[in-house]
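Numbering (my numbering), first residue to last: 2 to 116.
Structure follows, in structure tokens:
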């Protein structure tokens with residue numbers, strides 16, 4: 002019995018983690034939602050670099066919420082899964098110094114969203 006449990010535990014440990022596959026459109030939405038959250042946070046904390054962008058405290062937050070709901074529906078992830086996905090994306094944007102590079106196209110996406 003113990004051997005069976007040990008073998009099962011090893012199989013679970015070796016199992017690959019499930020990767021969420023998003024469409025190109027949903028991936029762009031995720032990146033922009035994460036960028037808006039980063040910039041809005043910077044604006045709230047008087048970060049000079051974030052101040053160069055339009056105020057995202059309301060529209061950016063609304064875009065983020067709507068995007069997370071859409072991604073939950075599209076991916077089947079629960080709230081914790083979507084939160085982790087958004088957090089990972091935000092961290093990647095910060096690590097790769099991409100936030101300000103993608104903001105112009107994200108602002109166009111925000112405008113076209115009607116939010």
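We put the beta carbon where it would ideally sit given N, CA and C, even for glycine. Keep in mind it's a predicted model, so treat the numbers as computed, not measured.
Between the C-alpha atoms of residue 47 and residue 37 there is a straight-line separation of about 15 Å. C-alpha of residue 100 to C-alpha of residue 85: approximately 18 Å in a straight line. Residue 28 sits exposed, since fewer than 16 C-beta atoms from the chains shown fall within 10 Å of its C-beta. In the structure shown, residue 58 falls within a coil segment according to DSSP collapsed to helix, strand and coil.
When DSSP states are grouped into helix, strand and coil, residue 72 belongs to the helix group. Taking residue 112 as reference, the option from 50, 55 and 31 with the minimal CA-CA separation is 55.
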